[in-house]
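Protein chains in written order, with my numbering: chain U, 120 to 710; chain Y, 120 to 710. The C-beta atom is built at its ideal place from N, Cα and C for all residues, glycine as well.
Protein chains: 2
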Amino acid sequence: MADLTAALFFAEMRFDPKNPQNPESDRFVLSKGHAAPILYAAWAEAGAFDRSELLKLRQIGSDLEGHPTPRLPFVDVATGSLGQGICAAIGSALNARRIGSDYRTYVLLGDGESAEGSVWEAADVAAMDKLDNLCGITDVNALGQSRPTMWQHDMDQFARRWRAFGWHAIVIDGHDMAAILGALDEARATRGQPTMILARTIKGKGVSFVEGKEGWHGKAFKKGEELDRALAELERHFVTGPGADIDLAQRIPKPSASGRPAPQPKPLAPPSYTLGQEVATREAYGAAIAKLGEADPRVVALDADVKNSTFSEKFEKVLPDRFFQNFIAEQVMVGAAMGLAARGAIPFPSTFACFLTRAADFIRMAAISNVNVKLAGSHAGISIGEDGPSQMALEDLAMFRAQPNYAVLYPSDAVSAERLVAAAAYHPGPAYIRTSRPKTPVIYSNDESFPIGGLKVVRSSNDDVATIVGCGVTLFEALKAHDQLKAKGTTVRVVDLYSVAPIDADALIAAGRATHGCLITVEDHYAGGGIGEAVAAAVAPAGLTVARRLAVREIPRSGKPEELLDRFGISASHIVEAVLAAVGSAQEVRR
Amino acid sequence: MADLTAALFFAEMRFDPKNPQNPESDRFVLSKGHAAPILYAAWAEAGAFDRSELLKLRQIGSDLEGHPTPRLPFVDVATGSLGQGICAAIGSALNARRIGSDYRTYVLLGDGESAEGSVWEAADVAAMDKLDNLCGITDVNALGQSRPTMWQHDMDQFARRWRAFGWHAIVIDGHDMAAILGALDEARATRGQPTMILARTIKGKGVSFVEGKEGWHGKAFKKGEELDRALAELERHFVTGPGADIDLAQRIPKPSASGRPAPQPKPLAPPSYTLGQEVATREAYGAAIAKLGEADPRVVALDADVKNSTFSEKFEKVLPDRFFQNFIAEQVMVGAAMGLAARGAIPFPSTFACFLTRAADFIRMAAISNVNVKLAGSHAGISIGEDGPSQMALEDLAMFRAQPNYAVLYPSDAVSAERLVAAAAYHPGPAYIRTSRPKTPVIYSNDESFPIGGLKVVRSSNDDVATIVGCGVTLFEALKAHDQLKAKGTTVRVVDLYSVAPIDADALIAAGRATHGCLITVEDHYAGGGIGEAVAAAVAPAGLTVARRLAVREIPRSGKPEELLDRFGISASHIVEAVLAAVGSAQEVRR
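Here it is, written out as structure tokens:
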């Protein structure tokens with residue numbers, strides 16, 4: 120990789136080592152993140168920081184970590200889970216189009232990495248989008264972590280795959296500097312398709328006793344004779360004299376003509392729904408991103424061939440240039456969103472919530488990058504009905520709640536959906552918006568505000584014997600239960616937990632204390648990692664717990680939504696039962 | 120799809136409609152699970168069940184769900200999340216080799232589905248494994264859910280991709296029965312590589328007013344004129360007379376010569392570790408699967424180019440024929456394991472626990488299939504040290520706990536690791552085993568048993584003021600804290616929660632009650648969905664909660680393991696502090 124990296128950093132890329140975030144700079148993504156040391160060495164050599172810092176590699180006090188993270192100003196997205204960097208690079212390349220810049224994006228992959236399916240999702244999307252501002256380089260060194268790679272040095276295996284996927288592929292000797300520079304020139308001159316440079320390399324090149332040998336993956340030379348011998352061999356290749364001095368300054372990109380003023384989003388009009396109007400939150404989501412997109416040029420939307428279900432088609436209709444169709448490829452959709460976000464866009468990728476699990480590892484890496492992606496998952500829970508369990512997201516809240524820095528938002532009506540879309544957009548860091556399939560009535564007035572980290576008490580009286588916490592479709596079951604109980608003379612508090620994370624612990628504790636410590640949760644989600652556990656964790660410091668946690672507790676099946684809510688224990692009648700049982704046993708304890 | 124399905128069911132496949140699980144039967148996987156109605160129609164037509172059942176499609180009382188699940192005896196794995204069926208089909212094809220059967224596996228994919236990266240992971244693995252007993256058919260109907268597909272009817276786009284990936288590809292008119300049968304013949308005669316039949320089809324073929332039209336995805340004809348007209352048009356194509364009667368009986372596969380006796384696993388010798396011996400649980404895992412594999416021919420292992428880290432290489436060394444290397448492609452690894460399990464194998468796929476998130480959607484579908492996969496994730500948590508956050512699994516327990524039917528096992532020493540591997544193997548349904556990177560001392564004697572759903576109280580006295588629940592590396596931090604507290608005159612109970620799910624609620628409640636209700640959890644995992652929340656949920660019915668939940672609460676970084684345990688709040692000193700604070704505040708409350 121030393122030769123490839125040297126060519127990129129010291130002959131090809133236009134960038135400013137002192138200001139790596141210059142919006143006109145070429146981008147470099149190290150998709151094979153485990154090669155971090157050479158990335159750090161290149162940036163140090165370019166002058167981004169002092170070489171002495173390199174000796175702190177992997178130490179707790181240094182940002183030069185085992186794999187790159189955006190703690191470093193020259194890293195756009197964290198890498199180290201393979202096959203993700205190339206997806207982010209697509210986002211970076213799409214962003215150049217969005218802002219009208221001619222910066223180029225380079226991404227360096229491993230040959231072993233190319234077995235990841237996400238690489239081929241990326242290959243399809245980049246070719247379809249004709250991203251000729253994207254240049255990949257595959258370091259074909261033939262050795263994986265544990266053994267030789269699948270295709271080793273059979274370069275044709277790689278070339279025919281990339282060509283079949285519509286890329287311009289160039290096979291070179293990755294240690295021939297003239298060939299590397301020639302290929303980079305050829306890539307820059309190629310129009311209408313991305314280029315993949317397939318570089319045949321020898322792992323450990325230049326150090327005779329490790330060249331092409333297994334067993335050296337991630338291993339440092341032993342200090343002493345071994346290291347000395349390796350260094351002595353490498354130093355023999357040093358070039359001095361004419362041509363050895365590189366003037367990076369001449370390749371610092373000029374500011375764009377417009378100077379890239381900070382975008383000025385137009386003020387956003389409040390929602391305009393009518394109380395009682397029946398609107399699915401997924402549909403309100405689609406309308407909301409379209410409205411937001413018209414007000415803010417940074418907002419983009421991505422979808423995975425379900426735009427007519429997630430309603431992201433409403434965005435595409437008004438802003439087709441900022442809508443990216445990824446077809447049925449959720450990994451590249453989320454990865455491209457990460458790259459777009461890292462370059463200043465505010466991306467909303469959407470699909471069925473259950474299919475976001477396809478991108479769980481990307482969601483994890485987006486957390487590590489703390490990048491501004493706003494994921495939207497529709498068709499949450501069993502309330503989708505007849506399509507059956509494979510289409511029902513019942514673990515998405517657990518997936519997002521596990522990450523320590525995601526805002527997890529769950530609107531129940533159209534007004535809260537629209538407000539939460541805007542809140543997510545301007546929330547620093549990643550966010551998730553969970554929407555539902557069924558139509559639900561608008562219960563909030565258009566001027567209601569929904570700050571992230573809050574909740575709404577939608578029913579309360581001084582005599583409430585319990586607090587029911589619901590979200591989405593279960594909020595309406597809770598409201599039905601409230602009415603049924605009231606008819607029997609029992610009043611309960613009802614809470615809409617629209618912000619599952621961060622969670623309003625104080626308000627939950629207050630509600631719990633005001634209702635004899637009797638908290639009941641009801642969620643269209645599995646029990647593990649869901650709303651019941653979230654609320655229980657929030658109220659535990661006050662010595663409270665959740666008395667009854669209504670959740671889906673087995674693998675569901677096809678059926679009508681209302682049948683399923685009842686069969687799997689989260690309908691109004693189950694809430695009524697839970698309240699009566701909890702209040703009864705609490706009274707017994709008090710007696 | 121009607122023509123393709125008719126050819127498969129009534130001319131090509133050898134199967135027994137009355138006994139779909141006959142081990143010699145050809146397998147059919149409907150990877151495009153949303154086409155379930157035709158699958159059900161074909162099996163009904165073949166005589167598997169009465170046609171009248173078809174009218175119960177998608178009703179709550181019927182197993183004919185919106186997408187196929189193994190509730191139906193002729194469905195091996197649930198499909199409906201695209202790109203998974205082809206991975207399971209690889210497992211089915213590998214299983215034929217394992218048992219020495221010549222059954223063939225057929226898998227029907229959609230063209231839109233082919234954008235999923237997992238399809239190309241499968242393509243690579245099937246070609247590498249030369250699975251000529253596997254035949255794919257892609258229904259290229261050019262229409263996705265929301266719009267025309269990426270490549271529509273450009274058949275060369277498909278052919279060149281499959282050929283580049285090493286498959287024998289045949290392009291046909293998918294409505295030409297002679298061409299379909301010819302292609303199936305050609306596939307059967309092809310040696311050394313899998314075949315993909317690329318069938319150009321027209322969606323809605325035979326019904327003039329919907330043929331090739333958008334807007335009919337997942338839509339039924341309206342009863343009345345619309346339906347009548349469609350049926351009338353279709354009935355015109357019915358074939359009667361000579362050749363129209365199909366004799367399926369002649370294609371029922373004969374039992375194998377050996378009659379496939381139920382495998383008789385040899386008795387498993389107990390572990391043979393020494394108390395105090397330092398062994399990483401990941402290494403004990405590798406040794407355990409090798410030992411188990413030698414005793415039971417159903418056991419197979421899969422890995423994703425990290426066999427030297429997960430130690431699955433110990434299995435490969437003794438049982439190379441039952442070890443499947445999937446290179447860096449976690450989706451196909453887990454998908455193939457699902458297919459193997461559905462055909463009677465007991466597969467152990469392993470990789471770094473964080474990279475199992477790559478297969479989260481497969482893990483979800485394995486839950487829906489309730490299939491016998493035994494996933495192993497190594498390198499859990501921040502205790503891996505310098506490699507940094509991208510390599511640390513801190514959300515894997517949340518991912519597996521969310522599913523209602525996974526056994527989630529977390530050994531702390533080598534003896535429990537070996538015992539839990541065997542327990543997982545013979546546990547009906549899916550299981551997850553979480554192992555750690557650092558070496559830990561053996562604390563259990565070799566005859567100790569570890570039933571799933573249990574826990575171990577490893578320290579207890581009559582004066583315990585609190586219960587500390589740990590697992591893996593944090594169990595040893597808890598033991599250190601125990602000793603430090605004891606030196607100061609405070610004794611605590613220490614619990615090893617080796618079975619996170621199912622969880623031993625009774626024992627946790629008993630421990631909590633015996634220690635003044637003071638429960639403290641400590642986990643090498645994020646807080647959301649982890650051990651703290653699991654324990655809190657388990658003890659809530661007794662009115663108890665978890666007083667202090669020590670967990671990783673921010674994105675971690677590179678550093679030495681012990682530095683990280685301390686910095687992110689899960690080391691012995693944090694446990695000591697938590698105990699003293701919890702006991703102090705409890706005493707205040709009691710005062």
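- Task: Starting from the N-terminal side, write out each stretch of the alpha helix (DSSP H) that is 4 residues or longer and does not extend beyond the stretch 390-428 of chain Y.
- Result: Complete alpha helix (DSSP H) runs here, min 4: 400-414.
Q.
Judging by CA-CA distance, which residue of U:Ser-375, U:Tyr-159 and U:Ser-181 is the nearest neighbour of Gly-678 (chain Y)?
A. Taking the first residue of the second sequence as position 1, residue 678 (chain Y) is located at position 559. Nearest C-alpha to Gly-678 (chain Y): U:Ser-181.
Are there 16 or more other CB atoms within 10 angstroms of the CB of Ser-558 (chain Y), so buried, or fewer, so exposed?
-> As a working note, residue 558 (chain Y) is residue 439 in the second sequence. Going by the sequence as given, residue 558 (chain Y) is Lys instead of Ser. When all chains shown are included, Lys-558 (chain Y) counts as exposed.
Assuming the contact rule is C-beta atoms closer than 8 angstroms, Val-490 (chain Y) and Pro-549 (chain Y) should be a hit. Round their C-beta distance to whole Å, please.
Mapped onto the second sequence, residue 490 (chain Y) falls at position 371. Mapped onto the second sequence, residue 549 (chain Y) falls at position 430. Right, their Cβ atoms sit about 6 angstroms apart.
_Between Thr-554 (chain U) and chain Y, is the shortest Cβ-Cβ distance under 7 angstroms, so that the two count as touching?_
Mapped onto the first sequence, residue 554 (chain U) falls at position 435. False, the Cβ-Cβ gap to chain Y never drops below 7 angstroms.
* Bridge partner(s) assigned by DSSP for Ile-291 (chain Y) -> Position 172 of the second sequence holds residue 291 (chain Y). DSSP output for Ile-291 (chain Y) lists Y:Ala-318 as bridge partner(s).
| request: Could you pull the start and end residues of the beta strand (DSSP E) that Ser-497 (chain Y) belongs to? | output: Locating residue 497 (chain Y) in the second sequence gives position 378, counting from the first residue. That run of the beta strand (DSSP E) goes 493-497.
- Interface residues of chain Y around Tyr-645 (chain U) at Cβ under 8 angstroms? Translated into positions along the first sequence, residue 645 (chain U) becomes position 526. Those within 8 angstroms of Tyr-645 (chain U) in chain Y are Ala-521, Gln-522 and Pro-523.
- request: Mind reading off the beta-carbon distance from Leu-278 (chain U) to Leu-303 (chain U)? Whole number of angstroms is fine, and I expect it under 8 angstroms.
  value: Here the question's residue 278 (chain U) lines up with position 159 in the first sequence. Here the question's residue 303 (chain U) lines up with position 184 in the first sequence. Looking at the sequence itself, residue 278 (chain U) is Ala, so the reference to Leu does not match. Not quite, the Cβ-Cβ distance comes to about 17 angstroms (not below 8 angstroms), so this is no contact.
For the beta strand (DSSP E) containing Gln-369 (chain Y), name the first residue and the last one.
Residue 369 (chain Y) sits at position 250 when you count from the first residue of the second sequence. First-last for Gln-369 (chain Y): undefined, no H or E at that position.
DSSP-derived helix/strand/coil call for Ala-550 (chain Y):
As a first step, residue 550 (chain Y) is located in the second sequence; it is residue number 431 there, counting from the start. Of the three classes helix, strand and coil, the one that applies to Ala-550 (chain Y) here is strand, per DSSP.
Taking the alpha helix (DSSP H) that Phe-519 (chain U) belongs to, which residues open and close that run?
By 1-based counting over the first sequence, the position of residue 519 (chain U) is 400. Unbroken alpha helix (DSSP H) run through Phe-519 (chain U): 515-521.
message: So, with DSSP's three-state summary, where would you put Ser-535 (chain Y)?
response: As a first step, residue 535 (chain Y) must be located in the second sequence, where it is residue number 416. Note: Ser-535 (chain Y) maps to helix in three-state DSSP.
Checklist entry - Which residues of chain U have a Cβ atom closer than 8 angstroms to the Cβ of Asn-214 (chain Y), listed in chain order? => result Within the second sequence, residue 214 (chain Y) is the residue found at index 95, counting from 1. Per Cβ cutoff of 8 angstroms: no residues; Asn-214 (chain Y) is ~22 angstroms from chain U at best.
- Item | Counted within 10 angstroms of its Cβ, other Cβ atoms place Leu-353 (chain U) as buried (16 or more) or exposed | To locate residue 353 (chain U), count along the first sequence from 1; it is residue 234. Exposed is the call here.
Sequence-distant residues of its chain with Cβ nearer than 6 angstroms to Trp-270 (chain U) (five each side left out) = Translated into the one-based positions of the first sequence, residue 270 (chain U) becomes position 151. Within the same chain, Trp-270 (chain U) has close Cβ partners Gln-276.
Residues of chain Y with CB closer than 7 angstroms to the CB of Asp-243 (chain U), please, in chain order.
Translated into positions along the first sequence, residue 243 (chain U) becomes position 124. Simply Ala-234 and Met-269.
Run of the beta strand (DSSP E) containing Ser-469 (chain U), from where it starts to where it stops:
The residue labelled residue 469 (chain U) in the question sits at position 350 within the first sequence. It spans 465-471 - the beta strand (DSSP E) in which Ser-469 (chain U) sits, taken as one unbroken run.
Discussion item. Run through chain U and tell me which residues come within less than 7 angstroms of Pro-192 (chain Y), C-beta to C-beta.
Written reply: Sequence index remark: in the second sequence, residue 192 (chain Y) carries index 73 (1-based). Per Cβ cutoff of 7 angstroms: no residues; Pro-192 (chain Y) is ~16 angstroms from chain U at best.
Distance between Asn-581 (chain U) and Ser-509 (chain Y) (C-alpha atoms, nearest Å):
In the second sequence, counting from the first residue as 1, residue 509 (chain Y) sits at position 390. In the first sequence, counting from the first residue as 1, residue 581 (chain U) sits at position 462. Computed Cα separation, rounded: 50 angstroms.
For Arg-307 (chain Y), decide whether its Cβ has a neighbour in chain U, counting only Cβ atoms nearer than 7 angstroms. One-based indexing of the second sequence puts residue 307 (chain Y) at position 188. Not closer than 7 angstroms to any Cβ of chain U, the Cβ of Arg-307 (chain Y) fails to qualify, so no.
Exercise. Using 10 angstroms around the beta-carbon of Lys-137 (chain Y), count the other beta-carbons present and answer buried if the total reaches 16, otherwise exposed.
Key: Within the second sequence, the letter at position 18 stands for residue 137 (chain Y). It is exposed - the Cβ of Lys-137 (chain Y) has fewer than 16 other Cβ atoms within 10 Å.
| query | Taking the alpha carbon of Ala-653 (chain U) as the point to measure from, which residue in U:Ser-150, U:Tyr-617, U:Pro-675 and U:Gly-688 has its own alpha carbon closest? | reply | Reading the first sequence from its first residue, position 534 is the one you call residue 653 (chain U). In terms of Cα proximity to Ala-653 (chain U), the closest of U:Ser-150, U:Tyr-617, U:Pro-675 and U:Gly-688 is U:Tyr-617.
*asked:* Closer than 8 angstroms between beta carbons: that is the criterion. Which residues of the stretch 619-632 of chain U meet it against chain Y?
replied: Ala-620
Decide if Ala-154 (chain U) is buried, meaning its Cβ has at least 16 other Cβ atoms within 10 Å, or exposed.
Mapped onto the first sequence, residue 154 (chain U) falls at position 35. Residue burial annotation: Ala-154 (chain U) is buried, with at least 16 other C-beta atoms found within 10 angstroms of its C-beta.
For His-693 (chain U), count neighbouring C-beta atoms within 10 Å of its own C-beta (all shown protein chains included) and say buried if the count is 16 or more, exposed if not. Stepping through the first sequence from its first residue, residue 693 (chain U) is reached at position 574. That one is buried.
* Asked: Do three or more CB pairs link the stretch 224-236 of chain U to the stretch 497-516 of chain Y at distances below 8 angstroms?
  -> Contact between the stretch 224-236 of chain U and the stretch 497-516 of chain Y is absent, because fewer than three Cβ pairs lie under 8 angstroms.
Quick one: what does DSSP say Cys-254 (chain U) is sitting in, helix, strand or coil? The sequence position of residue 254 (chain U) within the first sequence is 135, counting from 1. Strand at Cys-254 (chain U).
- Task: Enumerate in chain order the residues of its own chain whose CB-to-CB distance from Gln-603 (chain Y) is below 6 angstroms, with the five nearest sequence positions on each side excluded.
- Result: Within the second sequence, residue 603 (chain Y) is the residue found at index 484, counting from 1. Counting only Cβ-Cβ distances below 6 angstroms, and skipping sequence neighbours, we find Val-695.
Quick test of the definition: if touching needs 3 or more C-beta pairs under 8 angstroms, does the stretch 185-192 of chain Y touch the stretch 144-163 of chain Y?
yes
| request: Select from the stretch 406-430 of chain Y all residues with a C-beta closer than 8 angstroms to any C-beta belonging to chain A, and list them in chain order. | output: In the structure shown, chain A does not exist; the protein chains are U and Y.
### Task
Under 9 angstroms between beta-carbons, which chain Y residues line up against Met-518 (chain U)? List them in chain order, please.
Numbered from its first residue, the first sequence carries residue 518 (chain U) at position 399. What Met-518 (chain U) touches in chain Y: Thr-476, Ala-479, Glu-514, Ala-517, Met-518, Ala-521 and Gly-648.
Alpha-carbon spacing of Gly-454 (chain Y) relative to Gly-572 (chain Y), whole angstroms = Locating residue 454 (chain Y) in the second sequence gives position 335, counting from the first residue. Locating residue 572 (chain Y) in the second sequence gives position 453, counting from the first residue. Their backbone Cα atoms lie some 27 angstroms apart in a straight line.
Check your understanding: Are the C-beta of Trp-239 (chain U) and some C-beta of chain Y separated by less than 7 angstroms?
Key -> In the first sequence, the residue the question calls residue 239 (chain U) occupies position 120. Yes, contact with chain Y.
| field | Under 8 angstroms from the C-beta of Gln-264 (chain U): neighbouring residues of chain Y | value | To locate residue 264 (chain U), count along the first sequence from 1; it is residue 145. Residues of chain Y passing the Cβ test: Asp-424, Val-425, Asn-427 and Ser-428.
(message) With a threshold of 6 angstroms on Cβ separation, who are the neighbours of Gly-231 (chain U) within its own chain once the five nearest residues in sequence on each side are excluded?
(response) What you label residue 231 (chain U) is simply residue 112 of the first sequence in a count that begins at 1. Counting only Cβ-Cβ distances below 6 angstroms, and skipping sequence neighbours, we find Gly-263 and Thr-268.
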